[in-house]
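Chains as they are written, first to last, in this note's numbering: chain W, 72 to 185; chain B, 72 to 185.
Here the structure comes first, spelled out in structure tokens, and everything after it is commentary.
Number of protein chains: 2
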Amino acid sequence: MSPASRNRIARRQTRAPVFAALGDETRLLLVAKLCRGQPSSISELTEGSKLTRQAITKHLRVLERVGIVHSIRAGRESRFKFNPEPIKDIREYLDLVSAQWDEALSRLKAFVEQ
Amino acid sequence: MSPASRNRIARRQTRAPVFAALGDETRLLLVAKLCRGQPSSISELTEGSKLTRQAITKHLRVLERVGIVHSIRAGRESRFKFNPEPIKDIREYLDLVSAQWDEALSRLKAFVEQ
DNA sequence: GTAATATGCAACCTGGAGGTTGCATAGCAT
DNA sequence: ATGCTATGCAACCTCCAGGTTGCATATTAC
Chain W
72 MSPASRNRIA RRQTRAPVFA ALGDETRLLL VAKLCRGQPS SISELTEGSK
122 LTRQAITKHL RVLERVGIVH SIRAGRESRF KFNPEPIKDI REYLDLVSAQ
172 WDEALSRLKA FVEQ
Chain B
72 MSPASRNRIA RRQTRAPVFA ALGDETRLLL VAKLCRGQPS SISELTEGSK
122 LTRQAITKHL RVLERVGIVH SIRAGRESRF KFNPEPIKDI REYLDLVSAQ
172 WDEALSRLKA FVEQ
């Protein structure tokens, strides 16, 4: 197995938390806002939400823990910024899963046809 | 906005559960096994795990509820089979997120350089 | 200097996720 | 006919995710 491929499979433990972080509508919304490029403060991200500022803060910390966003304190506000790496990683993982399924289908097809 | 694109964004509510279903190591392992093509029974999928058959069953039902797998009863056993659609859907969603981020970077770059 | 703003921290509540055990039941093997 | 095998169902336990409220504190605005 190639080192890269081994890496992709071995890091399954580190990927589950990333999926889990995306497994919540509120957090998907936050990601959707932040991936547009504009770093935002907690108050800004709370605007328009039905949730408390504290609730939003907790969600942001969850995203931060897995690296999907990171925060920088600027004066009295902390600005959150999107970081594409973790999502890139699980995208590749999902590609691998799909590829494996396609291969399996091909093998089955070849077997039936021969 | 194109209908397809609107659809991708509007269906955010239906995607969070799919991410959540993948947000567990045990379930990622099950997906990894099943995407290889071979439909498997609960007992087969339990082999090698430290968990109970019932625990594995619950995980399989979680995956089934979001459509990542589906089961067919065959005699006394029920065989679980991988279904690629939900994963294909969230793959496209992640592609969209990444694309939006890249666009934002490009705009920023263009702005700085002009 | 003082008031308003943006966060952080902590305590607390509730529901559901993830596991287990025990028991019932339907198919298979012999 | 009978015993092993594969599941289903239900009750129960523990822990943590997701929310809230209240209060303290650091910045910024006037």
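Even for Gly, the Cβ is constructed at its ideal location relative to N, Cα and C.
These numbers were taken from a predicted model, which means no experiment stands behind them.
What would DSSP say about W:Ser111, mapped onto helix, strand or coil?
The answer is strand: DSSP assigns W:Ser111 an E or B state.
Against chain B, does W:Lys159 count as a neighbour if the rule is that its beta carbon must be under 8 Å from one of theirs?
Contacts with chain B at 8 Å (Cβ-Cβ) include W:Lys159.
Between B:Pro155 and chain W, is the shortest Cβ-Cβ distance under 8 Å, so that the two count as touching?
yes
Along the chain, where does the alpha helix (DSSP H) containing W:Val102 start, and where does it finish?
Glu96 to Leu105
So, using beta-carbon positions, are B:Gly210 and W:Ala87 closer together than 8 Å?
Any answer about residue 210 of chain B is impossible in this case: the structure gives chain B only from 72 up to 185.
DSSP three-state label for W:Ser169, please.
In the structure shown, W:Ser169 sits in a helix (DSSP, three-state: H, G or I).
Cα-Cα separation, W:Ile139 to B:Glu118:
34 Å
Range covered by the beta strand (DSSP E) that runs through B:Glu148:
Counting along the chain, the beta strand (DSSP E) containing B:Glu148 begins and ends at Glu148 to Phe153.
Given B:Arg147 as reference, the closest of B:Ile113, B:Ala92, B:Ile161 and B:Val89 once Cα atoms are compared:
B:Ile113
For the 8 Å Cβ check, are there 3 or more pairs between the stretch 155-173 of chain B and the stretch 151-171 of chain W?
yes
Of the residues B:Ser177, B:Ala91 and B:Glu96, the one placed nearest B:Lys121, counting alpha carbons only
Among B:Ser177, B:Ala91 and B:Glu96, the Cα nearest to that of B:Lys121 belongs to B:Glu96.
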